[in-house]
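Here's the structure, in structure tokens; my notes come after.
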Amino acid sequence: MAKQEDVFKKIISHAKEYGFIFPSSEIYDGLSAIYDYGQNGAELKNNIKQYWWKAMVQLNDNIVGIDTAIFMHPTIWKASGHVDAFNDPLIDNKDSKKRFRADVLIEDYCAKLEDKADKEIEKAAKRFGDAFDKKEFESTNPRVLEYREKQKTILSRMAQSLEKEDLGDVKALIEELEIADPETGSKNWTDVRQFNLMFGTKLGASADSATDLYLRPETAQGIFVNFLNVQKTSRQKLPFGIAQIGKAFRNEIVARQFIFRMREFEQMEMQYFVPPGTELGFYETWKEKRLNWHLALGLGAENYKFHDHEKLAHYANAAADIEFKFPFGFKELEGIHSRTDFDLSAHEKHSGRKLQYFDSERNENYVPYVVETSVGLDRLFLAIFSNCLKDEVLEDGSERTVLSLPPALAPYKAAILPLMKKDGLAEYAQTIFDDLKFDFNLFYEEKDAIGKRYRRQDAIGTPFCITIDHDSLTENTVTLRDRDTMKQERVAVADLRRIIDEKTNFRNLLSKI
Ligand code: GAP
Numbered sequence: 202m203a204k205q206e207d208v209f210k211k212i213i214s215h216a217k218e219y220g221f222i223f224p225s226s227e228i229y230d231g232l233s234a235i236y237d238y239g240q241n242g243a244e245l246k247n248n249i250k251q252y253w254w255k256a257m258v259q260l261n262d263n264i265v266g267i268d269t270a271i272f273m274h275p276t277i278w279k280a281s282g283h284v285d286a287f288n289d290p291l292i293d294n295k296d297s298k299k300r301f302r303a304d305v306l307i308e309d310y311c312a313k314l315e316d317k318a319d320k321e322i323e324k325a326a327k328r329f330g331d332a333f334d335k336k337e338f339e340s341t342n343p344r345v346l347e348y349r350e351k352q353k354t355i356l357s358r359m360a361q362s363l364e365k366e367d368l369g370d371v372k373a374l375i376e377e378l379e380i381a382d383p384e385t386g387s388k389n390w391t392d393v394r395q396f397n398l399m400f401g402t403k404l405g406a407s408a409d410s411a412t413d414l415y416l417r418p419e420t421a422q423g424i425f426v427n428f429l430n431v432q433k434t435s436r437q438k439l440p441f442g443i444a445q446i447g448k449a450f451r452n453e454i455v456a457r458q459f460i461f462r463m464r465e466f467e468q469m470e471m472q473y474f475v476p477p478g479t480e481l482g483f484y485e486t487w488k489e490k491r492l493n494w495h496l497a498l499g500l501g502a503e504n505y506k507f508h509d510h511e512k513l514a515h516y517a518n519a520a521a522d523i524e525f526k527f528p529f530g531f532k533e534l535e536g537i538h539s540r541t542d543f544d545l546s547a548h549e550k551h552s553g554r555k556l557q558y559f560d561s562e563r564n565e566n567y568v569p570y571v572v573e574t575s576v577g578l579d580r581l582f583l584a585i586f587s588n589c590l591k592d593e594v595l596e597d598g599s600e601r602t603v604l605s606l607p608p609a610l611a612p613y614k615a616a617i618l619p620l621m622k623k624d625g626l627a628e629y630a631q632t633i634f635d636d637l638k639f640d641f642n643l644f645y646e647e648k649d650a651i652g653k654r655y656r657r658q659d660a661i662g663t664p665f666c667i668t669i670d671h672d673s674l675t676e677n678t679v680t681l682r683d684r685d686t687m688k689q690e691r692v693a694v695a696d697l698r699r700i701i702d703e704k705t706n707f708r709n710l711l712s713k714i
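For the sequence shown, my numbering begins at 202 and goes up steadily by one.
Here it is as structure tokens:
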């Protein structure tokens, strides 16, 4: 089995074993691409939401946050283009009966070409050592150039065929490249068809009068249709933003990568309303701001890159993804889109209501343009979780698994661990817990040897372990163990609040943005 797969399996099993993520409805054998967050997962997810909300809403006096309903008027999805155009090209393998996204098969083929180019670069870097000039090598080495040129040709042909709805050519491309079912090697493909990703449902009690609805496939439309409500009641002037965190639903064709691609997931989206003609400047600004937000997490700058879209969605005049290096390669984490005035204009047309803004400086009414930032919360969870999960060999040769989460995001900020239950240690530990619980989410545990308890806290990412021993009772001091260095120091109980706060406060992340 490939090493990459082993790593991914370990991530999934760790997430389950330590109460982060469970397959949904597991006792009924689960439900495909649906997952539940356990006790530690819910805390981590909430902390990621807080980091986003604070950075977007609290730190920007011209961005406000809202929370709109999942059910929306069905005409909204007609206006937004989702009824007609929210499709993925689908292809079945006739032998394995497995279903694939035709565009993903082609993109995966191109990713393999890029891997080959990377290997050439790696080999050369080893050969030339310090004298290696990566840029020079990339722009002159015939093999690297050939791999990259081939990718470009393939991707641009695919983009054009999808744009023209020429699904026959997408199939022809798959056949020409001799792309096979990755698991069985079969190249026996059906034709490519379009598949709408929205889930339908019904509103109302009786079958005849029920209205057909969709579960929202993005949270953004809740923001668009409330644009004027929010603008008027918040008295914001352009440019200003509306942010929202909420569930979205897509009937994904292929959903085999744990929480990377789910059928029910959460998005954190922000629509930034700007005067027409200024959108591309704001688009560049938000690309940079959003990348900095990710970089502040400290997961490594080398793990992020921009991917500018060749094929633009029906609503965009510029679009890019921030890609992250997941255990299965670089993939989209966040989208930044310059959505023009497409959505607001479409809602004006379909609703018959004006969605315009009076610009007192320009002395005119207009439909604002929109720059959107949209990040998948679950995908971000996976990025953080997979990057932070590490197996370490310690100086004495023993091993530990540690989840080195950014401290502000850790489910528990500290664990309170009386060395033993008797002699009043548990009672004293409880007083510390009761004093600090108003400021931090704390874990309390009395059972098992202290080493074992430390390991369990490492595995869920708790930045501090506080051990209460007999000296604590007379000296009012405790042993404070740091998750990352594993160093232990004796500190006064009176200093605990300050020390934990210094390390775990959101300020540490937010001040780096
Ligand atoms: N409002 C724009 C929009 O929805 P998108 O690129 O389709 O754009 C934005 O989605 C983000 O939502 C993606 O970058 C990804 O992080 C997340 N996302 C999309 N589909 C997802 C899925 N099936 N499972 C998990 N996350 C998903």
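Idealized CB from N, CA, C, for every residue including glycine.
In angstroms with no decimal places, state the Cα-to-Cα distance between residue i and residue j.
i      : j      : result
Asn748 : Gly652 : No answer is possible for residue 748: it lies beyond the span of the chain, which begins at 202 and ends at 714.
Ile212 : Phe586 : 8 Å
Leu500 : Leu404 : 44 Å
Tyr516 : Gln422 : 13 Å
Glu646 : Tyr252 : 28 Å
Lys313 : Phe529 : 12 Å
Val284 : Phe209 : 35 Å
Asn263 : Asp683 : 39 Å
Glu337 : Glu350 : 17 Å
Glu676 : Lys622 : 18 Å
Glu690 : Phe531 : 40 Å
Lys713 : Leu492 : 12 Å
Pro275 : Lys550 : 15 Å
Val603 : Ala611 : 12 Å
Met399 : Leu416 : 7 Å
Lys327 : Lys204 : 22 Å
Ala234 : Leu697 : 42 Å
Asp560 : Ala502 : 40 Å
Asn706 : Trp487 : 25 Å
Thr632 : Glu218 : 30 Å
Leu590 : Lys365 : 44 Å
Leu306 : Lys512 : 16 Å
Glu573 : Lys490 : 12 Å
Arg302 : Pro383 : 13 Å
Return the residue from the list the options that minimises the CA-CA distance to residue i.
i      : options                           : result
Pro608 : Leu583, Tyr645, Phe665 and Pro383 : Phe665
Asn504 : Glu377, Thr420, Val393 and Ala584 : Ala584
Ser605 : Asp597, Glu593 and Ser599         : Glu593
Leu556 : Tyr484, Ile454, Lys614 and Ile424 : Ile424
Leu356 : Pro569, Glu308 and Asn342         : Glu308
Gln472 : Val576, Asp382 and Ile460         : Val576
Pro476 : Leu439, Leu498 and Ala456         : Leu439
Ser344 : Glu321, Ala693 and Gln361         : Checking the displayed sequence, the identity of residue 344 turns out to be Arg instead of Ser. The candidate whose alpha carbon is nearest that of Arg344 is Glu321.
Leu534 : Ala318, Asn566, Leu581 and Leu498 : Leu581
Tyr558 : Val694, Asp579 and Phe428         : Phe428
Compute every distance between the C-beta of residue i and the non-hydrogen atoms of ligand 1, then say whether any falls below 7 Å.
i      : result
Phe529 : no
Phe301 : no
Gln468 : yes
Leu534 : yes
Val576 : yes
Ala216 : no
Asp542 : no
Ala286 : no
Met463 : yes
Arg580 : yes
Ala421 : yes
Just to confirm before moving on: does the CB-CB distance between residue i and residue j stay below 8 Å?
i      : j      : result
Arg451 : Pro418 : yes
Ile700 : Phe641 : no
Arg654 : Leu618 : yes
Ser387 : Ser297 : yes
Ile443 : Val431 : yes
Gly482 : Glu467 : no
Phe272 : Leu414 : yes
Ile537 : Tyr484 : yes
Thr391 : Asp293 : yes
Phe527 : Phe461 : yes
Quick check on residue i - is its C-beta less than 8 Å from some C-beta in chain B?
i      : result
Arg436 : Included in the structure is just one protein chain, with no chain B present.
Which stretch, first to last residue, makes up the beta strand (DSSP E) that contains residue i?
i      : result
Asp413 : Thr412 to Tyr415
Arg462 : Where Arg462 is concerned, there is no enclosing beta strand (DSSP E), given that its DSSP letter is neither H nor E.
Phe507 : Tyr505 to Asp509
Val572 : Tyr570 to Gly577
Asn397 : Arg394 to Asn397
Phe527 : Ala519 to Phe527
So residue i is in the alpha helix (DSSP H); what residue range does that whole segment cover?
i      : result
Pro343 : Pro343 to Glu364
Lys628 : In the sequence on display, residue 628 carries Glu and not Lys. First-last of the alpha helix (DSSP H) with Glu628: Leu626 to Leu637.
Asn241 : Gln240 to Trp254
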